[in-house]
Amino acid sequence: MLCDICGKKPATVHLTEIIDEQMKELHLCEECAHQKSAQMESQFGLGDLLGGLAEFEKPAAQDTEAVSLKCPKCGLTYADFKKIGRLGCADCYVAFKKYIGPLLKRIHGSSIHLGKTPLKGAKASAPKKKTDLAELREKLQRAIESEAFEDAARIRDQVKELEKKLAQPEPDKGA
Numbered sequence: 000m001l002c003d004i005c006g007k008k009p010a011t012v013h014l015t016e017i018i019d020e021q022m023k024e025l026h027l028c029e030e031c032a033h034q035k036s037a038q039m040e041s042q043f044g045l046g047d048l049l050g051g052l053a054e055f056e057k058p059a060a061q062d063t064e065a066v067s068l069k070c071p072k073c074g075l076t077y078a079d080f081k082k083i084g085r086l087g088c089a090d091c092y093v094a095f096k097k098y099i100g101p102l103l104k105r106i107h108g109s110s111i112h113l114g115k116t117p118l119k120g121a122k123a124s125a126p127k128k129k130t131d132l133a134e135l136r137e138k139l140q141r142a143i144e145s146e147a148f149e150d151a152a153r154i155r156d157q158v159k160e161l162e163k164k165l166a167q168p169e170p171d172k173g174a
């Protein structure tokens, strides 16, 4: 399949646009996709995306309260955060917690940061498995809430298997 824009190169990117309830599929080569991406970014910045998600999450009655919020350390206002899509410092997370908590959960699937663990070494595998288990349990809860019972059963089995692995002592690999 050739690119819908240039008609010369093979299409490697497949984009679906929905404009005025009309769905349009575009099949683009890398070069045309890059140009299309730049056009879209100029129309919709990261700040607009995050601001839109934040507005979707909070009731309109709380809007006046959010406008007056300001980080005590860096002075960033919540309105500025919505415009630029970035927090000013670590204290902003605390200052805007009421509003960005649901936003972070919506974007990342969790409002808890579990961190990263090293990939090598026996000591790193137990925390990684616990992190995986927590993520699986969250997925299971979401599957149940959305009534995706087949997915929930599959995830439940994965949770049980991982719990068994965590219950077993890890073999000593020795140096």
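Residue numbers (numbering that gives the first Met the number 0): 0 to 174.
Backbone N, C-alpha and C fix where the C-beta goes; we use that ideal spot for every residue, glycine too.
Sheet register partners of valine 12 (DSSP bridge): Leu27
According to the neighbour-count rule (16 or more other Cβ atoms, all chains shown, within 10 Å of its Cβ), is alanine 60 buried or exposed? Since pLDDT at alanine 60 reaches only 47, below the 50 mark, its modelled position is unreliable, and the value read off the structure follows with that caveat. Flag for alanine 60 reads exposed.
Please confirm whether leucine 139 and alanine 151 have their CB atoms less than 7 angstroms apart. yes
Cβ neighbours of lysine 69 in the same chain (closer than 6 angstroms, five flanking residues each side left out): Thr76
Figure out for me which residue from Glu137, Leu27 and Met22 has the closest Cα to the Cα of methionine 0. Leu27
CA-to-CA distance, alanine 78 to alanine 166, given in whole angstroms: 48 angstroms
Using a threshold of 7 angstroms, state whether the C-beta atoms of glycine 87 and cysteine 73 are closer than that. yes
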